[in-house]
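Structure first, commentary second.
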Amino acid sequence: MSRRALTLLLAGFLVLAFGVVGAFRPVPYVVLSPGPTENTIGEVDKKPVISIKGRQTYPTKGALHLVTVAYQGGPAAQIDLLTALRGWIDPTVAVVPQETIFAPDRDPKQVEEENAVEMTNSQDSATAAALNELKIPYSMAVSVAYTEKGKPADGKLKKDDEIVAVDGKAAKDVTAVSDAVKAHKTGDNVVFTITRGKDKLDVTVPTVAGPKGQPLVGVTMQAKYKFPFEVDINVGDVGGPSAGLMFSLGILDKLTPGELTGGKQIAGTGTIDPGGAVGPIGGIAQKMVGAKDSGATIFLTPADNCAEAMKAAPDGLRLVRADTLHSAVQALDALRTGKGEVPACETG
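Residue numbers (the UniProt record's numbering): 1 to 348.
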């Protein structure tokens, strides 16, 4: 073999070797793919997703699927370049920078903890929204879920403290408490009136600047509801707030005579607040693929996600716009009876 041929062969081998090594090097990206779906009026591991005790319930048919996004990667288990390349080629998945899912200054364990709190809040908000839709009264308080280590509230506020007031003004809900803190300037003191066990205390906590310069004290809160009957939601490891709408619809379907779905396979997504407003979510493209794979033909879509959803909707999946829980119920009634308007997603 000539020296030139040997040189070319060696160079080719080195390029191949570097390519193989490079393909398996970790990269700071996360692959988002269609996750599992669960029927909120069905069962998971032979247990009802939604159990209601202390109130009459009614038989249901069809399905109200919540949809999820699965992710691969993250600071603790980075994907390799080859996995990222496969994701970029696959139209059913998305490859996004790692920091869009895991903020650089956030502990992954803390993110998981926040997702768990968001899921609990979502389930409670969903129950509250369903009861509001049915005009069933209940009461609510704001409690401390946890404090961030090293932040001013750490050691001053404790898990399960009930926040009664902020700066002397009643704490009506989590949003009101958050807004009261944000109304301060960085460095100001915030006075929380709390109940801890049988004691009522005033706790003064200074604010510090958050990542975007906003004042914060480092406390995560959750609404503590007192419902007139027990609603238990079982979804395993699913986290985050995006299943709120489907939880509310599942609760409504069980608490009312007749079949909300008309026997159809319905899927959907969207956060929900106690007043029934439906909010936008992430990963809409992957969630629609999961919905179609589950057999759904109707997909309830938050209004703010409609434009993106229309560009990526799988064939055979009808997008129905959901602005509120009430409008979603009306849309399902119209689909079931053939009477009334079914709001569609629009691009404008």
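Even for Gly, the Cβ is constructed at its ideal location relative to N, Cα and C.
Other residues of its chain near residue i: CB distance less than 6 Å, five sequence neighbours each side excluded
{"i": "Ala209", "result": "Thr186"}
{"i": "Lys151", "result": "Gly218"}
{"i": "Thr204", "result": "Asn189 and Val191"}
{"i": "Ala23", "result": "Note that Ala23 has pLDDT 47, beneath the 50 cutoff, so the model's placement of it is unreliable and no number is given."}
For residue i, the three-state DSSP class (helix, strand or coil)
{"i": "Ser51", "result": "strand"}
{"i": "Gln123", "result": "helix"}
{"i": "Lys169", "result": "strand"}
{"i": "Gly250", "result": "helix"}
{"i": "Asp179", "result": "helix"}
{"i": "Asp90", "result": "coil"}
{"i": "Ile136", "result": "coil"}
{"i": "Glu341", "result": "coil"}
{"i": "Ala128", "result": "helix"}
{"i": "Thr301", "result": "strand"}
{"i": "Ile72", "result": "Contrary to the premise, residue 72 reads as Gln rather than Ile in this sequence. Note: Gln72 maps to strand in three-state DSSP."}
{"i": "Glu346", "result": "coil"}
{"i": "Leu260", "result": "coil"}
{"i": "Val117", "result": "helix"}
{"i": "Leu319", "result": "strand"}
{"i": "Ala153", "result": "coil"}
{"i": "Glu162", "result": "strand"}
{"i": "Gly244", "result": "helix"}
{"i": "Glu99", "result": "helix"}
Rounded C-alpha distance that separates residue i from residue j
{"i": "Val174", "j": "Asp273", "result": "11 Å"}
{"i": "Ala94", "j": "Ile233", "result": "29 Å"}
{"i": "Gln72", "j": "Asp160", "result": "33 Å"}
{"i": "Lys135", "j": "Gly74", "result": "43 Å"}
{"i": "Gln330", "j": "Ala63", "result": "17 Å"}
{"i": "Leu216", "j": "Val342", "result": "42 Å"}
{"i": "Pro280", "j": "Thr324", "result": "11 Å"}
{"i": "Lys149", "j": "Lys264", "result": "48 Å"}
{"i": "Lys198", "j": "Val144", "result": "16 Å"}
{"i": "Leu157", "j": "Lys46", "result": "40 Å"}
{"i": "Glu259", "j": "Leu201", "result": "49 Å"}
{"i": "Thr256", "j": "Thr100", "result": "41 Å"}
{"i": "Lys182", "j": "Gln214", "result": "7 Å"}
{"i": "Phe229", "j": "Asn132", "result": "14 Å"}
Same chain, Cβ closer than 7 Å to residue i, five either side skipped, listed in chain order
{"i": "Pro28", "result": "Gln78, Pro97 and Gln98"}
{"i": "Ala171", "result": "Val142, Ile163, Val164, Ala165 and Val177"}
{"i": "Gly87", "result": "Val31, Val93 and Val95"}
Selected residue, minimal CA-CA separation from residue i, among the options
{"i": "Gly295", "options": "Glu38, Phe192, Ala312 and Gly197", "result": "Glu38"}
{"i": "Glu114", "options": "Tyr146, Lys200 and Tyr71", "result": "Tyr146"}
{"i": "Ala70", "options": "Val31, Ala63, Lys47 and Gln56", "result": "Val31"}
{"i": "Ile266", "options": "Leu332, Gly279, Gly258 and Pro257", "result": "Leu332"}
{"i": "Asn305", "options": "Gly262, Ser242 and Lys264", "result": "Ser242"}
{"i": "Pro34", "options": "Lys311, Ile298, Ala291 and Val181", "result": "Ala291"}
{"i": "Gly250", "options": "Lys169, Lys200, Ala130 and Ala153", "result": "Ala130"}
{"i": "Tyr138", "options": "His65, Val231 and Pro48", "result": "Val231"}
{"i": "Thr120", "options": "Arg55, Met288 and Gly236", "result": "Gly236"}
Sequence-distant residues of the same chain with beta carbon closer than 8 Å to residue i, five excluded per side
{"i": "Thr301", "result": "Gly268, Thr269, Gly270, Ile284, Ala309, Leu319, Val320, Arg321, Ala322 and Cys345"}
{"i": "Met140", "result": "Ala128, Asp173, Ala223, Lys224, Tyr225, Lys226 and Pro274"}
{"i": "Lys254", "result": "Ile41, Ile50, Ile52, Thr57, Tyr58 and Thr60"}
{"i": "Ser122", "result": "Gly240, Pro241, Ser242, Ala243, Gly244, Phe247, Thr271 and Ile272"}
Where the alpha helix (DSSP H) containing residue i begins and where it ends
{"i": "Ile284", "result": "Ile284 to Asp293"}
{"i": "Gln222", "result": "Run containing Gln222: none in the alpha helix (DSSP H); it sits in the beta strand (DSSP E), Val219 to Lys226."}
{"i": "Gln265", "result": "Run containing Gln265: none in the alpha helix (DSSP H); it sits in the beta strand (DSSP E), Gln265 to Gly268."}
{"i": "Ala312", "result": "Cys306 to Ala312"}
Opening and closing residue of the beta strand (DSSP E) in which residue i lies
{"i": "Ile233", "result": "Glu230 to Ile233"}
{"i": "Gln330", "result": "From DSSP, Gln330 is part of no beta strand (DSSP E) but of the alpha helix (DSSP H) over Leu325 to Thr337."}
{"i": "Lys200", "result": "Asp199 to Pro206"}
{"i": "Val31", "result": "Tyr29 to Pro34"}
{"i": "Phe192", "result": "Asn189 to Arg196"}
Within-8 Å CB hit, residue i to chain C
{"i": "Cys306", "result": "This model lacks chain C altogether, as it is built from one protein chain only."}
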